[in-house]
Structure formats: structure tokens, C-alpha cells
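First comes the structure, then the notes that go with it.
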Amino acid sequence: MPYECNKYDEEGKEKECTLKDIPAKKDQKISANSGFGQHGWKNYQGKKDQPAILGDGPMRRNANQQEVHQVFEVSALGIAGVHKDAYLGSVRYGWYSNKSPGRKARTNNRFELLPLAVVSQGTPSSTFLKAAEKWNTTKDKNTLGLPLVDVKVTTASLVLMRPSFDKNPGKGEAWPPLNNPLTLPKGTRVREISRDKSGVSIEVVDGPHVRSGGKISLKDAKKLKDERS
Numbered sequence: 013m014p015y016e017c018n019k020y021d022e023e024g025k026e027k028e029c030t031l032k033d034i035p036a037k038k039d040q041k042i043s044a045n046s047g048f049g050q051h052g053w054k055n056y057q058g059k060k061d062q063p064a065i066l067g068d069g070p071m072r073r074n075a076n077q078q079e080v081h082q083v084f085e086v087s088a089l090g091i092a093g094v095h096k097d098a099y100l101g102s103v104r105y106g107w108y109s110n111k112s113p114g115r116k117a118r119t120n121n122r123f124e125l126l127p128l129a130v131v132s133q134g135t136p137s138s139t140f141l142k143a144a145e146k147w148n149t150t151k152d153k154n155t156l157g158l159p160l161v162d163v164k165v166t167t168a169s170l171v172l173m174r175p176s177f178d179k180n181p182g183k184g185e186a187w188p189p190l191n192n193p194l195t196l197p198k199g200t201r202v203r204e205i206s207r208d209k210s211g212v213s214i215e216v217v218d219g220p221h222v223r224s225g226g227k228i229s230l231k232d233a234k235k236l237k238d239e240r241s
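Residues 13 to 241 (the numbering used here) are what the sequence shown spells out, left to right.
Structural data, given as C-alpha cells:
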């Protein structure tokens, strides 16, 4: 429906616009712009049927100068049995397009597919968990809830004392004794299970040591930061 504007701002942009109904006359003919497509008809005055076509693609002149991408992450989740509510890893795939210097204008973007790659060997990325949080709060349809894991990341290497089921405990130690040390490098993703005066119980949720559990000292616990902070 046509519209008209009575006022404009200082930059010439439309300020006050109203819709104006201008019905077409019976004998009025509107020709198609061949650059955008063609009119369509069926059983019209004995003419051969013709499909309607509209070609109105993006016309941004600087589109070839921008970097755009779509990246998808897919995670496997146990929904029953011993692995219920456990993330079993995630992979990433997608595409991107960016400007490639040296090519002519309007044709200088380079399009490439992102190779399928492992994101996590356990709990998916922080981005996935943010999306999972929004997924759980949607009310359109009751569906499967996604577990939210409060992931922390080590800011420096630390020692995880794991239980040793094949070793005898020392004097005064509980069984199984926590005398199987494992050094976790900086950037290891973990989740905190519990803490007391003796230390903090954690579990590795990603990487080569995924699902390794044990205890770290309260001093080393200061080397943990919230992944989503």
C-alpha cells in the first residue's frame, strides 16, 4: 500500500508518514521490471501459463567487505540408563566468508566450510550451555530439558589427588586413599562437586582427563575461575 510523508528530520529521513490507500484503476496496467522478474498468470486471455518470478537479492554494496559466519555445535547427551543427563562430547561445523585482498570489487569474498572438529570430549562449550539455558526457559512446547553444568577453568596448573583403589591407605587415611596425583594444565575445564576444610572435590569435564575426579587443596582452588564470567 502506498504511503506519503509530510515531515522529514534534519537528515532528510521520513518523520511523519501515513498509509494512503490508492486503489488501482480497472484499466491500469503495471508492467514488470525485467531486472526483478516477471508477472505470472494462468488461463489468462488464451495466453500460455507463466509463473510469477521475483528476483530481489541483497544489494548492499559493501557486503563483499564484511566477514560473516555460521558455526554450529552439536552435543551427544545420555537420556536414559547409567549415562542419563551426562554430556558425551560435542562437535562443531559451519562456514565463513571473509574478504580476500587482491580480488576485484564485489567478487573478493572467500567462502570456506569449517571442517568438522571436536569441541569437547565431555561437557560442551560455554556457548552451548548459554543456549541450553535459554532452551530450558522457553515455554512454546514441553520438551527435553538440558542439564546446565557450572564449569570452571584452571588459571594455572594444579595437582588433582585422585583415589587409588589398588593401594592401601596410610595410617589415619580413609579408603580409597587420595594418593594418585595428576597434574592438570592451565585451561582445564572442571566442575566443583563439594568442598570442606580438607579441600575441594572436582571432576574434569573435558579434555584427555575427562571424568577424572579427586580433590585439590584450598590453595589450588583459588586457581579456578567461572568459565562464563
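Glycine included, each C-beta is placed from N, C-alpha and C at the ideal position.
Sequence-distant residues of the same chain with beta carbon closer than 7 Å to residue i, five excluded per side
i, result
"R115", "The predicted position of R115 is uncertain, since its pLDDT is 48 and thus under 50; no value can be drawn from it."
"W147", "L158"
"G106", "H81, Q82, V83, F84 and L126"
"K237", "K164, V165 and T167"
"Q78", "none"
"A144", "L158 and L160"
Supposed contact pair residue j and residue i - C-beta distance, whole angstroms, cut 8 Å
i, j, result
"V161", "V217", "6 Å"
"G87", "G101", "According to the sequence shown, residue 87 is Ser rather than Gly. Indeed they touch by this definition, with Cβ atoms about 7 Å apart."
"G49", "I65", "4 Å"
"S213", "L196", "Not a contact, Cβ separation roughly 14 Å."
Contact set for residue i: own chain, Cβ-Cβ below 8 Å, skip 5 residues either direction
i, result
"D152", "none"
"E215", "V202, R203, I205, R223, S224 and G225"
"K142", "R240"
Contact under 8 Å by Cβ, residue i with residue j
i, j, result
"E239", "V163", "yes"
"L194", "L172", "yes"
"P175", "G226", "yes"
"L128", "V94", "no"
Continuous beta strand (DSSP E) stretch holding residue i: start and end
i, result
"E204", "R201 to D208"
"D5", "With the chain covering 13 to 241 only, the question about residue 5 has no answer from this structure."
"L172", "L170 to R174"
"S243", "It is not possible to answer for residue 243, since the shown part of the chain is limited to 13 through 241."
"L194", "N192 to L196"
Bounding residues of the alpha helix (DSSP H) (the contiguous stretch that carries residue i)
i, result
"N55", "It is not in any alpha helix (DSSP H) - N55 carries neither H nor E in the DSSP assignment."
"S138", "S138 to T149"
"K231", "L230 to A233"
Contact set for residue i: own chain, Cβ-Cβ below 6 Å, skip 5 residues either direction
i, result
"G90", "K96 and A98"
Inter-stretch contact (C-beta, 8 Å, three-pair minimum) for the segment 132 to 140 and the segment 209 to 226: yes
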